[in-house]
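Data block below; observations after.
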Amino acid sequence: MGSKQNAPGVQAAPAPTDPSGIRNVVLVGPSAAGKTTLVEALLATTGTIPRSGSVVDGTTVCDHDSAAVEQQRSVALSVAPLDHDGHKINLIDTPGYADFVGELRAGLRAADAALFVVSAEEGVDAATRAIWQECARVRMPRAVVLSRLDQHRADPAAALESCREAFGAGVLPLHLPLRGPDGGTTGLAGVLTGTVSGTGAARDCERERAELIEAIIAESEDESLMDRYVAGERIEEPVLIRDLETAVARGGLHPVLPVCAATELGLPELLDGVVRGFPSPLEHPPVQVTDPHGGNPRELPADPAGPLVAEVVHTSVDSYVGRVSLARVFSGTVLPERAVHVSGHGMAERGHPDHDEDERVAHLYSPLGSGLRGVPRCVAGDLCALTKLGSAETGDTLSDPGSPLLLSPWPMPDPLLPVAVVARTRSDEDALARNLNRLVAADPSLRLQRDGETHQLVLWCTGEAHADVVLQRLRDGGAEIDTEPLRVPLRQTFRQAAKGHGSHKKQSGGHGQFAVCDIEVEPAPRGSGIEFADRVVGGAIPKQFIASVEKGVRAQVERGLEDGLPLVDLKVTLVDGKAHSVDSSDAAFQTAGALALRGAAEQAGLVTLEPVDAVAVSIPDEHLGVILGDLSSRRGKVVGTEPEDTGWTVVRAHVPASELARYSINVRSLSSGSATFTRRFERYDPMPT
Numbered sequence: 001m002g003s004k005q006n007a008p009g010v011q012a013a014p015a016p017t018d019p020s021g022i023r024n025v026v027l028v029g030p031s032a033a034g035k036t037t038l039v040e041a042l043l044a045t046t047g048t049i050p051r052s053g054s055v056v057d058g059t060t061v062c063d064h065d066s067a068a069v070e071q072q073r074s075v076a077l078s079v080a081p082l083d084h085d086g087h088k089i090n091l092i093d094t095p096g097y098a099d100f101v102g103e104l105r106a107g108l109r110a111a112d113a114a115l116f117v118v119s120a121e122e123g124v125d126a127a128t129r130a131i132w133q134e135c136a137r138v139r140m141p142r143a144v145v146l147s148r149l150d151q152h153r154a155d156p157a158a159a160l161e162s163c164r165e166a167f168g169a170g171v172l173p174l175h176l177p178l179r180g181p182d183g184g185t186t187g188l189a190g191v192l193t194g195t196v197s198g199t200g201a202a203r204d205c206e207r208e209r210a211e212l213i214e215a216i217i218a219e220s221e222d223e224s225l226m227d228r229y230v231a232g233e234r235i236e237e238p239v240l241i242r243d244l245e246t247a248v249a250r251g252g253l254h255p256v257l258p259v260c261a262a263t264e265l266g267l268p269e270l271l272d273g274v275v276r277g278f279p280s281p282l283e284h285p286p287v288q289v290t291d292p293h294g295g296n297p298r299e300l301p302a303d304p305a306g307p308l309v310a311e312v313v314h315t316s317v318d319s320y321v322g323r324v325s326l327a328r329v330f331s332g333t334v335l336p337e338r339a340v341h342v343s344g345h346g347m348a349e350r351g352h353p354d355h356d357e358d359e360r361v362a363h364l365y366s367p368l369g370s371g372l373r374g375v376p377r378c379v380a381g382d383l384c385a386l387t388k389l390g391s392a393e394t395g396d397t398l399s400d401p402g403s404p405l406l407l408s409p410w411p412m413p414d415p416l417l418p419v420a421v422v423a424r425t426r427s428d429e430d431a432l433a434r435n436l437n438r439l440v441a442a443d444p445s446l447r448l449q450r451d452g453e454t455h456q457l458v459l460w461c462t463g464e465a466h467a468d469v470v471l472q473r474l475r476d477g478g479a480e481i482d483t484e485p486l487r488v489p490l491r492q493t494f495r496q497a498a499k500g501h502g503s504h505k506k507q508s509g510g511h512g513q514f515a516v517c518d519i520e521v522e523p524a525p526r527g528s529g530i531e532f533a534d535r536v537v538g539g540a541i542p543k544q545f546i547a548s549v550e551k552g553v554r555a556q557v558e559r560g561l562e563d564g565l566p567l568v569d570l571k572v573t574l575v576d577g578k579a580h581s582v583d584s585s586d587a588a589f590q591t592a593g594a595l596a597l598r599g600a601a602e603q604a605g606l607v608t609l610e611p612v613d614a615v616a617v618s619i620p621d622e623h624l625g626v627i628l629g630d631l632s633s634r635r636g637k638v639v640g641t642e643p644e645d646t647g648w649t650v651v652r653a654h655v656p657a658s659e660l661a662r663y664s665i666n667v668r669s670l671s672s673g674s675a676t677f678t679r680r681f682e683r684y685d686p687m688p689t
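Following UniProt numbering, the numbering of the sequence shown begins with 1 at its first residue and continues without gaps.
Right, dumping it as structure tokens:
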């Protein structure tokens, strides 16, 4: 999105006033499936943008040169609204790379239905199969578009079978491709209607028609339809089309629509299918809201007259207008020149602090690619772009300042690829700080860590492509940066039990310094921390100085002994000591406690410990063996496996953190992009010698 002027001939979709006339559709699929090309073809088909080769204002329009359809290809969500049959369709184009699943989930949040774009050349890949399951878990209505029918290796029948194997028996064609003399796709046969568009050899659709009708009737609220159908009565086409939407909305039917963006074959049928088969925002489940502090939970439907509730689903920064916030309005109506309350909660661990701010909406826009077109309103169910909301970040809630509300944030992917960056000069440090704030505001899948132990600035990304984009945006913002190897924070502990003697005596005129203490130190169980005990008898050390010894011991533990590594998992017992009635002091006993610990360490010897993480890998069964072998090569210890969904297994293992720096890249490569994993700190273990 951005503030660029519309290209010649670009037509704005009218701003609707009724949610029933809106369809919000997210396009999902791998980068090579042709999602963006399909969006551009649909925009041209509906007259929203000029067709390639047409002349507008004396200028020939070429492929992808219109400012209105400049897409942030493959790395960011973008919106393309168009008008068809009196309905506004918001097409939400999502990145095809698995690294940008955060943008994908934002698209799912903004949409009411999903179009899975599958190449007729390639079929369904593992990553698309995983996204389908994610949509199924949230009960999002889905349909399938078979794209790239004009390609030499296109095989629509094989691609359809691939979809049915991957997505289930509910995947049924609404149209069937017709072949021309050269074997290419030249026409479509309507399974329900029996009509033919384009040309091509006729084909028998009775089997597919019967399967489709049975799937529609199975979800119909009219229980008499099944009896009529079984009795051989022909069900009227309008009745079937009416119940098609019900079947799609309930998730029992996933229609397949073949299209060819280059020849425009199937595009009108696809638009008709979206309008007739996909639900409007009125059928979106009511959103759950609370007040900004989590109280007074309630549900709100898509009512333009209801309380204002909108959510920022994408944030970008434009060089002319600054921050641009793309929002889905779930309730109420957004108007220009009005105040809104901006609430952001629940993502402080990723660098998004909680905030509650009142801001004014200056201008309201409908986005089209990189273009912004002013609109008078944005009603419940629609999408809009707002500029210059200084505090708004992706995932924030916009509501009425007089009655602030809060939506629960959608689940964001856990960024698991660490990239340590360092600025080259002092001026680069300033530019880096400025650009990091912008990046974190726009990208909730990015986590920023300033490690106080390793003194590294670490950007946690969702994958290699995500990291490349983040680094390039920092450099484009004027920051010269380099990457460096990630340093893992290590610890040390005692190899065996030992005794330590600390003596601090100094006389320099006036009050001197005098403190003596004896301690016993023994290794403690992993994760137990530092325990301090007092066994001094007879008042050898006054009670007020026992705490001083503990303070000195703990300070030395934090500073470390060898290589400045902190100590962990020790039990320290103070057993004896001496004090002077005049020269003893808090500072003297702190020093003596530290010296005693150092003496004990020289006697016991130290063991260096490394962090170990608990890892859970979700993997298709066909990749299980290679994942187990890879974990073993990383010094991992498998602690269990358990079945997940059909054909999937979760592997649980404990793996040294130093072996996981690039694991998100490796596990994706080993599983053809299908595996996901989580990690959390488990304990410290001795490093191998």
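Virtual Cβ for every residue (Gly too), placed ideally from N, Cα, C.
First and last residue of the uninterrupted alpha helix (DSSP H) at residue i
{"i": "residue 129", "result": "126-137"}
{"i": "residue 766", "result": "There is simply no residue 766 to check, as the chain begins at 1 and stops at 689 in what is shown."}
{"i": "residue 36", "result": "35-45"}
{"i": "residue 245", "result": "237-249"}
{"i": "residue 77", "result": "Where residue 77 is concerned, there is no enclosing alpha helix (DSSP H), given that its DSSP letter is neither H nor E."}
{"i": "residue 269", "result": "267-277"}
{"i": "residue 229", "result": "224-230"}
{"i": "residue 468", "result": "464-476"}
C-beta contact flag for residue i and residue j at 9 Å
{"i": "residue 297", "j": "residue 288", "result": "yes"}
{"i": "residue 502", "j": "residue 573", "result": "no"}
{"i": "residue 545", "j": "residue 584", "result": "yes"}
{"i": "residue 157", "j": "residue 184", "result": "no"}
{"i": "residue 473", "j": "residue 439", "result": "yes"}
{"i": "residue 354", "j": "residue 369", "result": "no"}
{"i": "residue 620", "j": "residue 675", "result": "yes"}
{"i": "residue 333", "j": "residue 377", "result": "yes"}
{"i": "residue 363", "j": "residue 374", "result": "yes"}
{"i": "residue 690", "j": "residue 615", "result": "Absent from the model: residue 690. The displayed extent of the chain is 1 to 689, so no value can be given."}
{"i": "residue 504", "j": "residue 595", "result": "yes"}
{"i": "residue 127", "j": "residue 98", "result": "yes"}
{"i": "residue 657", "j": "residue 610", "result": "yes"}
{"i": "residue 443", "j": "residue 102", "result": "yes"}
First through last residue of the beta strand (DSSP E) which encompasses residue i
{"i": "residue 323", "result": "322-331"}
{"i": "residue 590", "result": "First-last for residue 590: 586-604, but that is the alpha helix (DSSP H), not the beta strand (DSSP E)."}
{"i": "residue 90", "result": "87-93"}
{"i": "residue 299", "result": "298-300"}
{"i": "residue 339", "result": "338-344"}
{"i": "residue 663", "result": "Element bounds for residue 663: not the beta strand (DSSP E) but the alpha helix (DSSP H), 663-670."}
{"i": "residue 318", "result": "309-318"}
Rounded C-alpha distance that separates residue i from residue j
{"i": "residue 226", "j": "residue 210", "result": "12 Å"}
{"i": "residue 341", "j": "residue 360", "result": "9 Å"}
{"i": "residue 16", "j": "residue 331", "result": "14 Å"}
{"i": "residue 224", "j": "residue 170", "result": "22 Å"}
{"i": "residue 271", "j": "residue 36", "result": "16 Å"}
{"i": "residue 221", "j": "residue 145", "result": "27 Å"}
{"i": "residue 498", "j": "residue 492", "result": "15 Å"}
{"i": "residue 54", "j": "residue 175", "result": "Its pLDDT being 45, under 50, residue 54 is placed unreliably in this model, and the coordinates cannot settle the point."}
{"i": "residue 588", "j": "residue 651", "result": "53 Å"}
{"i": "residue 338", "j": "residue 310", "result": "14 Å"}
{"i": "residue 526", "j": "residue 542", "result": "32 Å"}
{"i": "residue 528", "j": "residue 245", "result": "59 Å"}
{"i": "residue 57", "j": "residue 423", "result": "With a pLDDT of 39 at residue 57, under the threshold of 50, the modelled position of this residue cannot be trusted, and the question is left open."}
{"i": "residue 561", "j": "residue 466", "result": "39 Å"}
{"i": "residue 31", "j": "residue 532", "result": "58 Å"}
{"i": "residue 688", "j": "residue 429", "result": "37 Å"}
{"i": "residue 495", "j": "residue 602", "result": "10 Å"}
{"i": "residue 230", "j": "residue 212", "result": "14 Å"}
{"i": "residue 92", "j": "residue 214", "result": "31 Å"}
Counting pairs of Cβ atoms below 8 Å between the segment 281-291 and the segment 370-381, do you hit three or more? yes
Every unbroken beta strand (DSSP E) inside the segment 399-442 [3 residues or more]: 417-423
Using a Cβ distance threshold of 8 Å, determine whether the segment 302-311 contacts the segment 162-179, with at least three qualifying pairs required. no
Evaluate the contact criterion for the segment 515-529 versus the segment 560-575: three or more CB pairs, one atom per stretch, below 8 Å. yes
Which runs of the beta strand (DSSP E) at least 3 residues long sit entirely within the segment 162-213? Give them in chain order. 171-173, 175-179, 185-190 and 196-198
Any chance the segment 395-408 sits against the segment 446-454, with 3 or more Cβ pairs inside 8 Å? no
What ranges does the beta strand (DSSP E) occupy inside the segment 526-570, keeping only unbroken runs of at least 3 residues that lie completely in it? 530-534
Touching by the beta-carbon criterion (3+ pairs, under 8 Å), the segment 249-266 and the segment 202-219: yes
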